[in-house]
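Below: the structure, in structure tokens.
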Amino acid sequence: MTLLTAYQAYEQTPERERKQWCWDNFINERSIQSAGSVRNQLLGLMTKSDLPLISNDIKSTSYYTNIRQALTAGLFMQVAFLQRSGSYLTVKDNQVVHIHPGSVIDSKPQWLLFEEFALTSKNYIRTLTITRVEWLVELAPHYFDLDTFPECEAKAELELAYRRMAHARNKKK
Numbered sequence: 823m824t825l826l827t828a829y830q831a832y833e834q835t836p837e838r839e840r841k842q843w844c845w846d847n848f849i850n851e852r853s854i855q856s857a858g859s860v861r862n863q864l865l866g867l868m869t870k871s872d873l874p875l876i877s878n879d880i881k882s883t884s885y886y887t888n889i890r891q892a893l894t895a896g897l898f899m900q901v902a903f904l905q906r907s908g909s910y911l912t913v914k915d916n917q918v919v920h921i922h923p924g925s926v927i928d929s930k931p932q933w934l935l936f937e938e939f940a941l942t943s944k945n946y947i948r949t950l951t952i953t954r955v956e957w958l959v960e961l962a963p964h965y966f967d968l969d970t971f972p973e974c975e976a977k978a979e980l981e982l983a984y985r986r987m988a989h990a991r992n993k994k995k
């Protein structure tokens, strides 16, 4: 979300002031321009494919939820779960990881998506987004198939999520 907020601020800055804005905010200008280029390419592909362009108003209460769900759909294989011990374990391959010290996340959410796994003196995960177990099982049930899942605390939480979803479906009938 931090990267998205930075991109939006860059886009709202008058073009003649963007170089200085990047300098003032410690942003690599070429990287943020590249992000804009990727965005434009995606818009072009969606238009060519006749896919609807749905843009939420940033003031909408569902704005950040929708973005987090989209990230969950794309990064579902890069998930870490908070163990009772207080450490995180990557889902499926069960590697102990730590939130990178440069992260802006100051809490310990139960489920995290990560974009980068950095091996230094410890296994760190970076560029993090908080996600929800319900989104994981809803958006990637093929990956979170309990029959192929290793025994771990995350599996128990996934089982609960599947039960809650089944119960909710049965109540609707």
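Per my numbering, residue 823 is the first one in the sequence shown, and the count goes up by one each step.
C-beta atoms are modelled at their ideal positions from N, C-alpha and C, and glycine is treated no differently.
Predicted, not measured: the structure shown is a model, and the values here were computed from it.
Tell me which residue opens and which closes the beta strand (DSSP E) that residue 918 is part of.
918-921
If you draw a straight line from the alpha carbon of residue 930 to that of residue 951, how long is it in whole angstroms?
12 Å
Assuming residue 962 contacts residue 898 (C-beta within less than 8 Å), just tell me the rounded distance between them.
4 Å
Taking the alpha carbon of residue 936 as the point to measure from, which residue in 921, 943 and 976 has its own alpha carbon closest?
Relative to the Cα of residue 936, the nearest Cα in the group 921, 943 and 976 belongs to 921.
State the start and end residues of the unbroken alpha helix (DSSP H) segment that holds residue 945.
That residue, residue 945, is in no alpha helix (DSSP H); its beta strand (DSSP E) goes 945-952.
Roughly how far, in whole angstroms, is the beta-carbon of residue 903 from the beta-carbon of residue 975, given that I think they are within contact range, below 8 Å?
Distance from residue 903 to residue 975 at the Cβ level is roughly 7 Å; contact confirmed, criterion being Cβ atoms closer than 8 Å.
Extract the residue ranges of the alpha helix (DSSP H) inside the region 841-907, only unbroken runs of 4 or more that lie entirely within it.
851-870 and 885-897
When the Cα atoms are used, what is the spatial distance from residue 881 to residue 832?
18 Å
Return the first residue and the last residue of the alpha helix (DSSP H) that residue 941 is part of.
Where residue 941 is concerned, there is no enclosing alpha helix (DSSP H), although the beta strand (DSSP E) it sits in stretches over 933-941.
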